[in-house]
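Participant: Pasting a structure below so you can have a look.
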Amino acid sequence: MNAPYNQQFPFPVVAEAAQVPYDTMKKWVLRGHLVMSEDDRETLGRGGARMLSYHTTVQALIAADLYRQGVTISEASEAALEFAHFGDDMRDAGGLFVGAATVLTYNADSQRKARVLRVSKSDSFQSVLGKTWPNGMASSAIFLDVQMLLLRRSSALGMDRGWIIETLED
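Numbering-wise (the numbering used here), the sequence shown opens with residue -11 and increments by one.
What follows is the structure, given as structure tokens:
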């Protein structure tokens, strides 16, 4: 089962899933905090809802969660953007690592504030901290388990949970 990369979600549904008032999320878009992609669709006709791509939806969910934890919306959106729209050799943009937890860390004191980590059951706490702060310890960090966030929000979006659960299996 694959991630719903081609799925789109109505803007009001995304706001509700992110547990953010519709007008607040609308302001985030107007101010450029949430970055729209070419896969997002503007409102069609009167009364039509803007449709957000999977990637922008994930960005909104992560940004809202970080914002609730005290990160400014500007920095929360930037951290979420890195996860949602950029991948690497082991993970697609907006994708999850397979066989391990996908954790986004946020550290306000670091030059690179956000990092996406693959954390397996065998990783020690010390190794996770080393991935978070490769140049030594910092004052604090937020650890966001992206799989759990998506599992919690998937039903509100009408998103199939099966692909998320599959990524957690060894």
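For each residue, glycine too, the CB sits at the ideal point set by N, CA and C.
1. Going by DSSP, name the residue or residues bridged to L139.
2. Write down every uninterrupted run of the alpha helix (DSSP H) in the stretch 43 to 86 whose length is 4 residues or greater and which is fully enclosed by it, in chain order.
3. Going by C-alpha to C-alpha distance, which of A67, A144, Y94, A(-9) sits closest to M8?
4. Is M13 helix, strand or coil when you go by DSSP?
5. Do you know offhand how far S98's Cα is from A81's?
6. Ends of the alpha helix (DSSP H) at A5?
7. Output yes or no for whether 8 Å exceeds the beta carbon distance between S108 and A88.
8. What is the DSSP secondary structure of T90, reduced to helix, strand or coil?
9. Which residue comes first and which comes last in the beta strand (DSSP E) that contains L105?
10. Rounded to the nearest angstrom, how far is the Cβ of L132 from that of I61, given a contact under 8 Å?
11. Taking the C-alpha atoms as reference points, what is the distance between H21 and L137?
12. To which residues of the same chain is P(-8) closer than 8 Å at the C-beta, ignoring the five residues directly before and after it?
13. In or out: D160 buried (at least 16 other Cβ within 10 Å) or exposed?
14. Can you tell me where the alpha helix (DSSP H) with L156 in it begins and where it stops?
15. Thinking C-alpha only, which one of L117, V1, T12 is nearest Y55?
Facilitator: Straight from the coordinates:
1. DSSP lists no partner for L139.
2. 61 to 73
3. It should be noted that the sequence gives Val, not Met, for residue 8. Looking at the Cα atoms, A144 is the closest of the given residues.
4. helix
5. Each residue's Cα considered, the two are about 22 Å apart.
6. -1 to 5
7. yes
8. strand
9. 102 to 107
10. In fact, because the Cβ distance is near 15 Å, the residues do not count as touching under 8 Å.
11. 20 Å
12. Y42, M147, D148, W151
13. The chain is shown only over -11 to 158; residue 160 falls outside these bounds and no answer can be derived.
14. 150 to 156
15. When only C-alpha atoms are compared, the closest one is T12.
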